[in-house]
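Asks:
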Amino acid sequence: AQSVAQPEDQVNVAEGNPLTVKCTYSVSGNPYLFWYVQYPNRGLQFLLKYITGDNLVKGSYGFEAEFNKSQTSFHLKKPSALVSDSALYFCAVRDMGGSNYQLIWGAGTKLIIKP
Amino acid sequence: SAVISQKPSRDICQRGTSLTIQCQVDSQVTMMFWYRQQPGQSLTLIATANQGSEATYESGFVIDKFPISRPNLTFSTLTVSNMSPEDSSIYLCSESRDQTDTQYFGPGTRLTVL
């Protein structure tokens, strides 16, 4: 069965410092990986995805993620954090075993950026 | 990216009543999904809405409680029936075209059951 783990419930970073939000996955075939962000009282917004190709994926709002097949990880990164990056972040992997393309979700990581 | 709208954005309902949530996509899509999310928690898939056939429900969710319609490729509804306070949650609609496509989400419907 496919699964996603976000090992940190919360990550605290000082503004201007680099940030990393961790995600590991378990899949039976090629992984299709996604990152989403949810700001307070808002819907989910797509940040970036890895389907194939370059291991470093660039996305919205200056975020990027690195696909590491040997470590089965897809960590989200940003070189310099902003207070406005404070939000709930979800990693997801697409279930390729079924026919409805559903996403398997991580538990989420709350990112707090302190001024 | 697709633009998805949901109605209502929020509602407060009495126990035992039903609420129908509408989801409209601005272009034709293959799959539409309905999720439930407690504030600050992860997403739980309720069902996949298929056009022209019955919805596919996940374990723990049944059609009698959460009937779904998908009359065409741009629209779906989710009804929360015979509501109880345990149904208080955020309900999210989502869409996807294929296995490599990004899944986009509507803004959600915040439901409170008294």
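As you go down the protein sequences, you meet chains D and V in turn.
Using our numbering, the letters of the first sequence correspond one by one to residues 16 to 130.
Using our numbering, the letters of the second sequence correspond one by one to residues 1303 to 1416.
Yeah, the Cβ is synthetic: ideal placement off N, Cα and C, and Gly gets one too.
1) Using a Cβ distance threshold of 8 Å, determine whether the segment 1385–1400 of chain V contacts the segment 1319–1339 of chain V, with at least three qualifying pairs required.
2) Can you grab the Cα-Cα spacing for the pair V:K1367 / V:N1352, in whole Å?
3) When the Cα atoms are used, what is the spatial distance from V:Y1406 to D:Q53?
4) Note down the Cα distance separating D:E30 from D:S101, rounded to an integer number of angstroms.
5) Assess, as a yes-or-no matter, whether the segment 1313–1323 of chain V is touched by the segment 1379–1387 of chain V under the definition of 3 or more beta carbon pairs within less than 8 Å.
6) Please list the partners that V:T1402 has in chain D, where partner means a Cβ-to-Cβ separation under 7 Å.
7) Give every residue of the same chain whose Cβ lies closer than 7 Å to the Cβ of V:S1391, excluding the five residues on either side of it in the sequence, and list them in chain order.
8) Strictly under 8 Å for the Cβ-Cβ distance: is D:A97 near chain V by that measure?
9) Which residues of chain D have a Cβ atom closer than 9 Å to the Cβ of V:P1409, listed in chain order?
Replies: Reading from the atomic positions:
1) Under the 8 Å Cβ criterion, the segment 1385–1400 of chain V counts as touching the segment 1319–1339 of chain V, having at least three qualifying pairs.
2) So the two alpha carbons sit approximately 18 Å from each other.
3) In this model, V:Y1406 and D:Q53 are separated by some 12 Å (Cα to Cα).
4) Distance from the CA of D:E30 to the CA of D:S101, rounded to the nearest whole angstrom, comes to 10 Å.
5) Remark: three or more beta-carbon pairs, one from each stretch, lie closer than 8 Å, so the segment 1379–1387 of chain V and the segment 1313–1323 of chain V are flagged as touching.
6) Residues of chain D passing the Cβ test: Y47, I66.
7) The residues are R1338, Q1339, Q1340, L1413.
8) Going by the sequence as given, residue 97 of chain D is Leu instead of Ala. Chain V contact via Cβ: absent.
9) For V:P1409, the neighbours in chain D by C-beta distance under 9 Å run, in chain order, R57, G58.
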